[in-house]
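*Asks:* Please see the structure below; I have some questions.
2 protein chains.
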Amino acid sequence: MDDLETRELRYFVAVAEELHFGRAADRLGIAQPPLSRAIRQVERRLGVVLFERDRRGVVLTDAGRVLLREARTALDAVAAAARRTRRAGNPERPLVLATKAGASHDLLRRLLDTHAAQPGAAPVEVLLCEVGEQAGLLRDGRADVALMHRPVDDLAGFDTEDLHTEGQVAILPAGHPLASRRRLTLADVRDVPGLPIARWPRLDGTYPEGPGPEVRTQSQLAQLVALGRTLLVIPASSRAWQWPDHVAVPVVDAPEITTVIAWPPASRSLEVAALVRSAVAAGAAGEAERWTDDRRHHRGTAGPRSPAPR
Amino acid sequence: MDDLETRELRYFVAVAEELHFGRAADRLGIAQPPLSRAIRQVERRLGVVLFERDRRGVVLTDAGRVLLREARTALDAVAAAARRTRRAGNPERPLVLATKAGASHDLLRRLLDTHAAQPGAAPVEVLLCEVGEQAGLLRDGRADVALMHRPVDDLAGFDTEDLHTEGQVAILPAGHPLASRRRLTLADVRDVPGLPIARWPRLDGTYPEGPGPEVRTQSQLAQLVALGRTLLVIPASSRAWQWPDHVAVPVVDAPEITTVIAWPPASRSLEVAALVRSAVAAGAAGEAERWTDDRRHHRGTAGPRSPAPR
DNA sequence: CCGCTGTGATACCTCCCCGGTATCACCCGT
DNA sequence: ACGGGTGATACCGGGGAGGTATCACAGCGG
Chain A
1 MDDLETRELR YFVAVAEELH FGRAADRLGI AQPPLSRAIR QVERRLGVVL
51 FERDRRGVVL TDAGRVLLRE ARTALDAVAA AARRTRRAGN PERPLVLATK
101 AGASHDLLRR LLDTHAAQPG AAPVEVLLCE VGEQAGLLRD GRADVALMHR
151 PVDDLAGFDT EDLHTEGQVA ILPAGHPLAS RRRLTLADVR DVPGLPIARW
201 PRLDGTYPEG PGPEVRTQSQ LAQLVALGRT LLVIPASSRA WQWPDHVAVP
251 VVDAPEITTV IAWPPASRSL EVAALVRSAV AAGAAGEAER WTDDRRHHRG
301 TAGPRSPAPR
Chain B
1 MDDLETRELR YFVAVAEELH FGRAADRLGI AQPPLSRAIR QVERRLGVVL
51 FERDRRGVVL TDAGRVLLRE ARTALDAVAA AARRTRRAGN PERPLVLATK
101 AGASHDLLRR LLDTHAAQPG AAPVEVLLCE VGEQAGLLRD GRADVALMHR
151 PVDDLAGFDT EDLHTEGQVA ILPAGHPLAS RRRLTLADVR DVPGLPIARW
201 PRLDGTYPEG PGPEVRTQSQ LAQLVALGRT LLVIPASSRA WQWPDHVAVP
251 VVDAPEITTV IAWPPASRSL EVAALVRSAV AAGAAGEAER WTDDRRHHRG
301 TAGPRSPAPR
């Protein structure tokens, strides 16, 4: 009597995103009347009004907003079930590791080397993605594990293990007055004339107000940095990005960034567990290297919140 | 072309649990042939064999085991979507807080009092459940928040906030030789003649080997304790359970138990956030009380892994 | 005031596919 | 060899998903 079908959830999400039955039907590849009927049926079944029909477009009710959020995660879970099952059935099944392009480069290399050195280690496929994409990839099964960063990424719903904590640096053109400083503060780099900080889109796709250029992808940002048009505060290890004519200056009061390896709590396969172990070992190796190195050392503080997958 | 329907997932889970098409069909209220066909269709669609048909019952393949795990969480997510949406539509929507019967009694009372004192606080319904049930209740939307205990409960997939950490005590009949001791160690209470520790079922429903009685519910356990038939090591605050003719003796080397409030990361409603805030306040109040009190004091160590819901 | 446009809702039809019944193919015990 | 019990197959009927045509209604320009 209750129990939604994934088809109904897909239909609802389409309408909720388009806020227009016609366009949603078009996107779904069906006609509009069946879509209207399906949504009505969901509303009747749940005993709840999902849309305020206004003769001029549609708006979500409170209940509709709740269902939109829940439906997305439910659909992701269903998609993940299919994807992971397909992969489990195939003899070839490389683990997919998602990471932001350019970030944590050294750690990633150590991780892959460490893992490859394990006897019988599963092959690992690296999936480079844009900022904030990792969570979705993990949730719907396109990735098995991800390197993410606290506190900038949303780690809600994943198990994580800390790998490495570090400070942030500002990236500046070599000739800039601030480039000669040994250290900077956030106050120094805020509102630098001619070097505004780039603006990333919010969750709803709009951009915050400000003088900086709008960016959407890392490659856009990289180009702007190369052009000397924007100022960047990033984790020290992301300096793989750095151009020859730019310098990195530590920003002493910027929040420390912890690189973590994250995986969906449901997936506790042996392969994932082995990869997480390799990652932790690689993280520890990196920490040790920093001790012998003369750089500033940061230790992860918060312990793992849940045990490594079994 | 791909994309599983929840009906198919339900069917698969039924067969995977029964390992018998006939019984599964019976349980689902349909006939056996459509069920066989549906499973075959899923296998064809995923391109994967889920069951090894053996002419004498059925066994899951590796891929089948993966799908069983994934399908359960996906179905829970779908059920949660329906439940939470229904609740959001109703004007009356008490928050449901799940907690183990008898555990954390004082904290729960403080929590409810603190929350009720907030202006405009949503009504809270307390759902008492058995050990280990909370995770399922949270996952499928029957509960909004839960009091759980680290490290005994599986917190994977939830956001949590620490409330209170405490040591454990052994519950003994008053006349027992160990009852006069001021403190005990785990070695003392293991293999006490005549007072074996009760055995809980594993995830698969079987019981570990051992001399103790098999228990399945807290009330069974309470009765065994009342009869003086079993020995119990529980958090100090669970002494609400204690019978007059039993005493509690601290077990100094037992792992400390942290009571946490947990919620699904997807649900970030204002109501849940307010309740979590009340819980944290109540936890802090309890800690303060302990300082003025003369009892042993334990402080939560690991910080919150993710910020409170917004 | 009257069409015109664009929205979602309704009516009605068609056909697919889910589910039921009957039966088969096969492996077991004796 | 032969029933008993398993899951698979064949076939049929009906409910419901999806399509087409149309309506009801709001805004808007003439």
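Same order as they appear, the protein sequences are chains A and B. With the UniProt record's numbering, the residue at position 180 of the first sequence is 180, and numbering never jumps. With the UniProt record's numbering, the residue at position 204 of the second sequence is 204, and numbering never jumps. From the three backbone atoms N, C-alpha and C, an ideal C-beta is built for every residue, glycine too.
Between Val252/B and chain A, is any beta-carbon pair separated by less than 7 angstroms?
*Replies:* For this step, residue 252/B is matched to residue 252 along the second sequence. By this cut-off, Val252/B is not an interface position.
*Asks:* Given that Ala279/A touches chain B, what residues does it touch there, using C-beta distances under 8 angstroms?
*Replies:* Counted from its first residue, the first sequence places residue 279/A at position 279. What Ala279/A touches in chain B: nothing, since even the nearest Cβ is about 18 angstroms away.
*Asks:* Identify, in the order they occur along the chain, each residue of the same chain with its Cβ nearer than 8 angstroms to the Cβ of Leu224/A, setting aside the five sequence neighbours on each side.
*Replies:* Numbered from its first residue, the first sequence carries residue 224/A at position 224. Cβ neighbours of Leu224/A beyond the five flanking positions: Ala198, Pro213, Val215, Thr230.
*Asks:* Arg310/B CB to nearest chain A CB: under 7 angstroms?
*Replies:* Numbered from 1 along the second sequence, position 310 holds the residue referred to as residue 310/B. Reliability of the predicted coordinates at Arg310/B is poor, the pLDDT of 38 falling under 50, and the value obtained from them is presented with this limitation in mind. Not an interface residue.
*Asks:* By Cβ distance below 7 angstroms, which residues in the same chain neighbour Val280/A in space, the five residues on each side in sequence not counted?
*Replies:* Stepping through the first sequence from its first residue, residue 280/A is reached at position 280. Contacts found: Glu161, Leu163.
*Asks:* Give me, in chain order, the residues of the same chain whose beta-carbon lies closer than 8 angstroms to that of Thr185/B; leave out the 5 immediate sequence neighbours on both sides.
*Replies:* On the second sequence, residue 185/B is found 185 positions in, with the first residue counted as 1. Hits under 8 angstroms: Val251, Val252, Asp253.
*Asks:* Could you pull the start and end residues of the alpha helix (DSSP H) that Phe51/A belongs to?
*Replies:* Residue numbering aside, residue 51/A sits at position 51 when the first sequence is read from its first letter. Per DSSP, Phe51/A belongs to no alpha helix (DSSP H); it is in the beta strand (DSSP E), 51 to 53.
*Asks:* Which of the three DSSP states, helix, strand or coil, is assigned to Glu214/B?
*Replies:* Counting from one through the second sequence, the residue named residue 214/B turns up at place 214. Residue state, collapsed to three classes: strand.
*Asks:* Can you list, in chain order, the residues of its chain whose CB lies under 7 angstroms from that of Gly22/A, leaving out five sequence neighbours each side?
*Replies:* The count along the first sequence starts at 1 and reaches residue 22/A at position 22. Gln32, listed in sequence order.
*Asks:* What residues of chain A sit near Thr6/B, judged by a beta carbon separation below 8 angstroms?
*Replies:* To locate residue 6/B, count along the second sequence from 1; it is residue 6. Per Cβ cutoff of 8 angstroms: Asp3, Leu4, Glu5, Thr6, Val78.
*Asks:* Quick check: what's the CA-CA separation for Pro255/B versus Gly167/B?
*Replies:* Here the question's residue 255/B lines up with position 255 in the second sequence. Here the question's residue 167/B lines up with position 167 in the second sequence. Each residue's alpha carbon lies about 7 angstroms from the other.
*Asks:* Determine which residues of the stretch 101 to 114 of chain B have a Cβ less than 8 angstroms from any Cβ of chain A, and write them out in chain order.
*Replies:* Within the stretch 101 to 114 of chain B, no residue qualifies.
*Asks:* Apart from the five residues just before and just after Leu107/B, which ones in its own chain have a Cβ nearer than 7 angstroms to its Cβ?
*Replies:* Against the second sequence, residue 107/B aligns to sequence position 107. Hits under 7 angstroms: Leu163, His164, Ser237, Thr259, Ala282, Gly283, Gly286.
*Asks:* For Glu8/B, count neighbouring C-beta atoms within 10 Å of its own C-beta (all shown protein chains included) and say buried if the count is 16 or more, exposed if not.
*Replies:* As a first step, residue 8/B is located in the second sequence; it is residue number 8 there, counting from the start. It is buried - the Cβ of Glu8/B has at least 16 other Cβ atoms within 10 Å.
*Asks:* How do the stretch 72 to 81 of chain B and the stretch 68 to 87 of chain A stand: do at least 3 beta-carbon pairs fall below 8 angstroms, yes or no?
*Replies:* Yes, the stretch 72 to 81 of chain B is in contact with the stretch 68 to 87 of chain A.
*Asks:* For chain A, is any of its Cβ atoms less than 7 angstroms away from the one on Glu70/B?
*Replies:* Against the second sequence, residue 70/B aligns to sequence position 70. Judged by the 7 angstroms Cβ criterion, Glu70/B is in contact with chain A.
*Asks:* Kindly identify the DSSP beta-bridge partner or partners of Glu271/A.
*Replies:* In the first sequence, counting from the first residue as 1, residue 271/A sits at position 271. Per DSSP, none; premise fails for Glu271/A.
*Asks:* Suppose only complete runs of 3+ residues qualify. What are the beta strand (DSSP E) ranges in the UniProt domain "HTH lysR-type" (4 to 61) of chain A, listed by chain order?
*Replies:* Taking only runs of at least 3 residues, the beta strand (DSSP E) segments lying wholly in the UniProt domain "HTH lysR-type" (4 to 61) of chain A are 51 to 53, 58 to 60.
*Asks:* Taking the Cβ atom as the reference point for each residue, do Ser19/A and Val48/A lie within a distance shorter than 7 angstroms?
*Replies:* The residue given as residue 19/A occupies position 19 in the first sequence. The residue given as residue 48/A occupies position 48 in the first sequence. As written in the sequence, residue 19/A is Leu, which differs from the Ser given in the question. Cβ atoms of Leu19/A and Val48/A: not closer than 7 angstroms.
*Asks:* Given that Leu67/B touches chain A, what residues does it touch there, using C-beta distances under 7 angstroms?
*Replies:* Here residue 67/B refers to the residue found at position 67 of the second sequence. Ala81, Thr85, listed in chain order.
*Asks:* Gly64/B to Arg183/B, Cα distance in whole Å?
*Replies:* Locating residue 64/B in the second sequence gives position 64, where the first residue counts as 1. Locating residue 183/B in the second sequence gives position 183, where the first residue counts as 1. When rounded, the distance between both Cα atoms is 49 angstroms.
*Asks:* Go ahead and pull the three-state DSSP assignment for His83/B.
*Replies:* Here residue 83/B refers to the residue found at position 83 when the second sequence is read from its first residue. Before going further, note that residue 83/B is Arg rather than His in the sequence given. In the structure shown, Arg83/B sits in a helix (DSSP, three-state: H, G or I).
*Asks:* Please look up how many angstroms separate the CB atoms of Val124/B and Thr99/B, rounded, as I've assumed it's under 8 angstroms.
*Replies:* Taking the second sequence and counting its residues from 1, the one referred to as residue 124/B is at position 124. Taking the second sequence and counting its residues from 1, the one referred to as residue 99/B is at position 99. Not quite, the Cβ-Cβ distance comes to about 11 angstroms (not below 8 angstroms), so this is no contact.
*Asks:* Please list the partners that Asp153/A has in chain B, where partner means a Cβ-to-Cβ separation under 8 angstroms.
*Replies:* The residue labelled residue 153/A in the question sits at position 153 within the first sequence. Neighbours of Asp153/A on chain B: none; closest Cβ ~10 angstroms, over 8 angstroms.
*Asks:* Pick helix, strand or coil for Pro309/A, following the three-state DSSP scheme.
*Replies:* Taking the first residue of the first sequence as 1, we reach residue 309/A at position 309. Bear in mind that the predicted position of Pro309/A carries a pLDDT of just 41, short of 50, making it unreliable; the figure below should be weighed with that in mind. Three-state DSSP puts Pro309/A in coil, outside helix and strand.
*Asks:* Please name the residue or residues paired with Arg199/A in a DSSP beta bridge.
*Replies:* Numbered from 1 along the first sequence, position 199 holds the residue referred to as residue 199/A. Partner(s): Glu214/A.
*Asks:* Determine the chain A residues that contact Ala282/B at a beta-carbon separation under 8 angstroms, and present them in chain order.
*Replies:* Reading the second sequence from its first residue, position 282 is the one you call residue 282/B. In chain order: nothing, as chain A lies at least about 22 angstroms away.
*Asks:* Under DSSP, the alpha helix (DSSP H) around Ala187/A begins and ends at which residues?
*Replies:* Working through the first sequence from its first residue, we reach residue 187/A at position 187. Run containing Ala187/A: 186 to 189, per the alpha helix (DSSP H) assignment.
*Asks:* Quick check on this structure: which residue in Leu155/B, Leu111/B, His149/B has the alpha carbon closest to the alpha carbon of Ser278/B?
*Replies:* As a first step, residue 278/B must be located in the second sequence, where it is residue number 278. With distances taken between Cα atoms, Ser278/B lies closest to Leu111/B.
*Asks:* Quick one: complete beta strand (DSSP E) runs, 3+ long, within the stretch 219 to 265 of chain B?
*Replies:* Segments of the beta strand (DSSP E) lying fully in the stretch 219 to 265 of chain B: 232 to 235, 246 to 251, 257 to 263.
*Asks:* At 8 angstroms on the CB atoms, spell out the chain A contacts of Val58/B, in chain order.
*Replies:* Position 58 of the second sequence, counting from 1, holds the residue named residue 58/B. Neighbours of Val58/B on chain A: none; closest Cβ ~17 angstroms, over 8 angstroms.
*Asks:* Quick check on DSSP: helix, strand or coil for Asp162/A?
*Replies:* As a position in the first sequence, residue 162/A is number 162, starting the count at 1. In this structure, Asp162/A counts as strand in the three-state DSSP scheme.
*Asks:* Kindly indicate the opening and closing residues of the beta strand (DSSP E) around Glu125/B.
*Replies:* Here residue 125/B corresponds to residue number 125 of the second sequence, with the count starting at 1. Looking at the DSSP string, the run of the beta strand (DSSP E) that includes Glu125/B is 124 to 129.
*Asks:* What are the boundary residues of the alpha helix (DSSP H) that includes Leu107/B?
*Replies:* Translated into positions along the second sequence, residue 107/B becomes position 107. Here the alpha helix (DSSP H) through Leu107/B covers 105 to 117.
*Asks:* Let's test the definition: count the other Cβ atoms within 10 Å of the Cβ of Thr6/B and tell me whether it reaches 16, buried, or not, exposed.
*Replies:* Here residue 6/B refers to the residue found at position 6 when the second sequence is read from its first residue. Answer is buried; the Cβ neighbour count reaches 16.
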